[in-house]
Amino acid sequence: PFHQLNFVTSLARVLDAPVLAEPGSQIPSSRHTIQGFDGFLRNSENGDELKADLILRFGMQPVSKALNNYLDTLDDVMQICFMHPEQWIDGSLSSHK
């Protein structure tokens, strides 16, 4: 349910980190939430300037091709995926946990 995702924006605020929220993710809007990021990530210059220290993924494998391509470039960055154990899908094999 929608109210269970409120912790994501609270966590982003505490970590001062962005949340890339796909359409339909039901992540509440906040100053840390970025929606409509596909065009931004498709520009390779933007991707080159973004370097994550850690990636926390919540829920299913992203459907955005641009986001999946970007995550593929970060193979040296720890990615931890939080999801229901019966839904484990990591098509890009990018999550470490």
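Position one of the sequence shown corresponds to residue 1 (my numbering), numbered consecutively onward. Glycine included, every Cβ here is placed at the ideal spot set by N, Cα and C. Everything numeric in this text was worked out from a predicted model, so none of it was measured.
Cβ pair A21, T9 closer than 7 Å: Locating residue 21 in the sequence shown gives position 21, where the first residue counts as 1. Locating residue 9 in the sequence shown gives position 9, where the first residue counts as 1. The Cβ-Cβ distance between A21 and T9 does not fall below 7 Å.
Bridge partners - V19, DSSP secondary structure assignment: Taking the sequence shown and counting its residues from 1, the one referred to as residue 19 is at position 19. Answer by DSSP bridge pairing, in chain order: T33.
Burial state of L41 (16 or more Cβ within 10 Å): Position 41 of the sequence shown holds residue 41. L41 comes out buried.
Exposure label - L15; buried when at least 16 CB within 10 Å: On the sequence shown, residue 15 is found 15 positions in, with the first residue counted as 1. By the neighbour-count criterion, in which 16 or more other beta carbons inside 10 Å mark a residue as buried, L15 falls on the exposed side.
The beta strand (DSSP E) enclosing L50, as first and last residue numbers: Taking the sequence shown and counting its residues from 1, the one referred to as residue 50 is at position 50. Element bounds for L50: n/a, residue is neither H nor E.
Whole-angstrom distance between L74 and K51, CA atom to CA atom: For the purposes of this step, residue 51 is taken as the residue at position 51 of the sequence shown. For the purposes of this step, residue 74 is taken as the residue at position 74 of the sequence shown. Computed Cα separation, rounded: 8 Å.
Start-to-end residues for the beta strand (DSSP E) that takes in Q79: The sequence position of residue 79 within the sequence shown is 79, counting from 1. From DSSP, the beta strand (DSSP E) with Q79 extends over M78 to F82.
Terminal residues of the alpha helix (DSSP H) in which L67 lies: Taking the sequence shown and counting its residues from 1, the one referred to as residue 67 is at position 67. Note, L67: alpha helix (DSSP H), K65 to D72.
Close-in-space but distant-in-sequence residues of the same chain around V19 (CB under 8 Å, 5 per side omitted): By 1-based counting over the sequence shown, the position of residue 19 is 19. The residues are V8, T9, A12, I27, S30, H32, T33 and I34.
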